[in-house]
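Enquirer:
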Amino acid sequence: MSGMRLSGSKPGPSRRYPVSFALGGAQFSIPRPLVRGLILLVALGALYFIAGAGGKVDDTWSATSESERGRARESEGWSRFDGLSRLFGGGSGQRQPSSQAPIGRDKNGQIKLSPRPNTYRLDRPLPSSRTNPYHPGHSRVVIPNTNPVEYELRPLPSIEEAFAHLRPRLYDLKEKFPEIPREHDLNNPIHPPFLTPELMERYAHLGGEWDDKKKKWVEGGEKRYLFTTVCRQVTGMLADWFATWTVVVDFLGPESCVFALMEGPSDDGAGEIIAAAMKEHLLFLGVPPENLFIQTHMPAIDWENSHRIQTLADLRNAVMQPIYDSKYPGKSPDNKEWSAVLFYNDVYFGGRHFLEILHQHFFQDADMTCGWDHAGKWFYDGWVGRDMSGDLYTPFPVPKDQQEDPQRLFINHPATLERHTRVLPYQVFAGWNGMAVMNPVPFLPPYNVRFRRGVPRRPDQQPGEEECQASESSFISWDFWKYGFGRIAVVPGIHLTYGKDDSRVRGYVEYPLPDAQHSEKIEWVDEPPRKVRCQDWPDKPGKGHWAWDGTRWTDPPPLIILDPNGTEIASNRRG
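In UniProt numbering, the protein residues as written are 1 to 575.
1) What's the C-alpha gap between Glu-527 and Thr-146?
2) On a CA-only basis, which of Leu-417, Phe-343, Gly-550 is nearest Ile-476? Give me that one, please.
3) So, at 6 Å on beta carbons, what are the nonlocal neighbours of Ser-67 in its own chain, with the 5 sequence-adjacent residues on each side left out?
4) Looking at Arg-487: is its Cβ nearer than 8 Å to the Cβ of Trp-524?
5) What residue range is occupied by the uninterrupted beta strand (DSSP E) comprising Leu-199?
6) If I follow the unbroken beta strand (DSSP E) through Ser-571, where does it start and stop?
7) Measuring only the C-alpha atoms, how far is Gly-371 from Asp-502?
8) DSSP state of Pro-289, grouped into three classes?
9) Entirely within the stretch 292-337 and at least 3 residues each: give me those beta strand (DSSP E) ranges in chain order.
10) Report the three-state DSSP secondary structure of Met-368 (helix, strand or coil).
11) Among the residues of its own chain, which have a CB less than 6 Å from the CB of Trp-365, if the five just before and after it don't count?
12) Among the residues of its own chain, which have a CB less than 7 Å from the CB of Ser-519, if the five just before and after it don't count?
13) In terms of alpha-carbon separation, which member of Pro-557, Glu-568, Pro-333 lies closest to Arg-574?
14) Using only the alpha-carbon positions, how far apart do Ile-180 and Asp-240 sit?
15) Just to confirm my understanding: we take Ser-389, look at its own chain, exclude 5 residues before and 5 after, and list those with CB closer than 7 Å. What are they?
16) Whose CA, out of Leu-170, Pro-446, Gly-137, lies closest to the CA of residue 642?
17) Which whole runs of the alpha helix (DSSP H) in the stretch 465-516 are 4 residues long or more, in chain order?
18) Could you give the DSSP three-state label for Lys-216: helix, strand or coil?
19) In the DSSP output, which residue or residues are listed as bridge partners for Val-142?
20) When we look at the beta-carbon of Ala-300 and count the other beta-carbons within 10 Å, is it buried (16 or more) or exposed?
21) On the premise that Phe-251 lies in contact with Leu-292, defined as a C-beta separation below 8 Å, what is that separation, rounded to the nearest angstrom?
22) Would you decide whether Asp-378 is buried or exposed? Buried here means 16 or more other CB atoms lie within 10 Å of its CB.
23) Can you check which of these residues, Thr-246, Lys-214, Gly-253, is closest to Gly-208 by C-alpha distance?
24) Taking C-beta to C-beta, are Met-438 and Ala-340 nearer than 8 Å?
25) Between which two residues does the alpha helix (DSSP H) containing Arg-352 stretch?
26) Classify Asp-325 as buried or exposed, calling it buried when 16 or more other Cβ atoms lie within 10 Å of its own Cβ.
27) Does any residue of chain E bring its CB to less than 8 Å from the CB of Val-449?
28) In this structure, does DSSP put Glu-161 in helix, strand or coil?
29) Keeping to the same chain, check which residues put their C-beta closer than 8 Å to that of Gly-77; ignore five residues upstream and five downstream.
30) Heavy atom of the ligand ZN less than 7 Å from the Cβ of Ala-43, yes or no?
31) Looking only at its chain, what residues have a beta carbon closer than 7 Å to the beta carbon of Val-149, apart from the 5 residues adjacent to it on each side?
32) Kindly indicate which three-state DSSP category Trp-241 falls into: helix, strand or coil?
33) Are Leu-206 and His-359 close, meaning C-beta to C-beta below 8 Å?
34) Take the Cβ of Ser-65 as the centre, count every other Cβ of all protein chains shown within 10 Å, and call the residue buried at 16 or more, exposed below.
35) Where does Tyr-134 fall in DSSP's three states?
36) Along the alpha helix (DSSP H) that carries Ile-273, what are the first and last residues, could you check?
Structural data, given as structure tokens:
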């Protein structure tokens, strides 16, 4: 090396003498132990990079960003020194295929492979029986030209037999009614028309309790569900709706399911399809005739001369009549206790959406359980939703210069945002969100909760002193809190959309991701927020009004305790 001269050529063991060198005319010396230490450090550094900087290598391409991968490494205990550990035989052994996937060999040392073709499925034919063969009831087929209607009774069909019966009927209806848009395939839903074995196990508790030894239902084990909606212009959704009804009835049992639907007015053939096929198909599945409340071709509404919120409340209350007005007061059509009400909007869904939201409702011991509806990337039901801070789930309206940015959620309640990000259910003050499961008790005496509009301002009240003029569905949450039913949950993994393309990319069911610090169970808060944001709807006729011109903050509802006769016996009313 130019300018450097090593010296130290005296005889004897070299370890006794330092290494000397001259640099720029100056003489330097370094003790030999220090030289050895420097060499060792260089060698260790080389080994570090040779071993690889990555701790977990699976040789698969990932679309995640580097920052996301970094967070994943931290959460998985990823370490840069895993590679060095493996080089010396430690660590997880991910790069030792023989320990991960040992190859079988015969006595001669030859690789032993399993026989092909695999004939396992020959001994396990496709299922031809029901999910639960012990469900009671009969399939019913209408006998033509009978008045009153008579039915031919048959054994309950399997789900395969049910779809085989449905497909030609829907095909014929599409050919019969030219108003049905050609792009709508009534026989091919977006969402899976079946349940996996794992999901059947997850949702088994929803179908009641069957004593296999005694071959009968456990006392109180039978469930009764009301599935209800008000809809119009839903032909594009009907492939998924029919598939969902089929999967749910097959799984829960036809006697457990009560259906109420009001349709109209529609010009896309929805009324014709529902009128011709829904009742017929549900009867074939085994749903009793007294469990079906179906009305189609409802008259058009004169919105310009109608109070929008009052009209929507009237429609929703009308389709809830199986709860409000039963042959057996407060009971199902066959005199059983109601288990839950599932109310859905005109959204896309599959059987998994219904069963997961029901599962979470009972698992969380909730009074009301909501999904998460989308309009593109945006949360849809923004006027209704209020988190436990009393504020909106997401700021609205969104300024034009922020409309390309990611959606901002729960800016005033970080704990809710944390659970939302982890797809864990969480408590809210109010929700609806395209689909809601509700405890039936508040709809029955002595509470008699109904969909409603806000109470109009009295003559003795100043503007802003009246009850918030909110959505009719908002008041379900409000009145639930008022009577002590404030366990209202959102299940963020139940994605619901209003458009077909949106449903294909966003409308799936996503399952919770709990860990040691974040339980799937909600820790319920018994107090509502101190104040609740109000966005008043103009209290006048017409549909095209705007609720976002002003904001006010209102007190939450008081807690009122009623006795069985409806008499108030306790309250925390102010004043």
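Glycine is no exception: its CB is placed at the ideal position from the N, C-alpha and C atoms.
Expert: In terms of the structure at hand:
1) Looking at the two C-alpha atoms, the distance is approximately 58 Å.
2) When only C-alpha atoms are compared, the closest one is Phe-343.
3) For Ser-67, the predicted model reports a pLDDT of 40, less than 50, meaning its position is unreliable; a value from the coordinates is still stated below. Counting only Cβ-Cβ distances below 6 Å, and skipping sequence neighbours, we find nothing.
4) yes
5) Note, Leu-199: premise wrong, no beta strand (DSSP E); alpha helix (DSSP H) at 197-202.
6) Start and end: 568-571.
7) 16 Å
8) In the structure shown, Pro-289 sits in a helix (DSSP, three-state: H, G or I).
9) 292-295
10) strand
11) The sequence given here has Asp at residue 365, not Trp. Hits under 6 Å: none found.
12) none
13) Pro-557
14) 16 Å
15) Asn-412, His-413, Pro-529
16) Residue 642 lies beyond the range of the chain shown here (1 to 575); nothing can be said about it.
17) 474-482, 500-506
18) strand
19) Tyr-151
20) exposed
21) In fact, because the Cβ distance is near 19 Å, the residues do not count as touching under 8 Å.
22) One detail in the question is off: residue 378 reads as Trp in this sequence, not Asp. Under this definition Trp-378 is an exposed residue.
23) The shortest Cα separation from Gly-208 among Thr-246, Lys-214, Gly-253 belongs to Gly-253.
24) Yes, Cβ-Cβ distance for Met-438 and Ala-340 is below 8 Å.
25) 351-363
26) exposed
27) In the displayed structure, chain E is absent; only one protein chain is listed.
28) In the structure shown, Glu-161 adopts helical secondary structure according to DSSP, grouped into three states.
29) Residue confidence is low: Gly-77 scores 45 on pLDDT, short of 50, so the model does not pin down where it sits. Its coordinate-derived value is still stated next. Closer than 8 Å at Cβ, skipping near neighbours: no residue.
30) Absent from the structure shown: the ligand ZN. Ligands present: none.
31) Val-142
32) helix
33) yes
34) Any reading at Ser-65 needs caution, since the residue's pLDDT is 38, under 50, leaving its predicted position unreliable; the model's value is listed next. It is exposed - the Cβ of Ser-65 has fewer than 16 other Cβ atoms within 10 Å.
35) coil
36) 270-273
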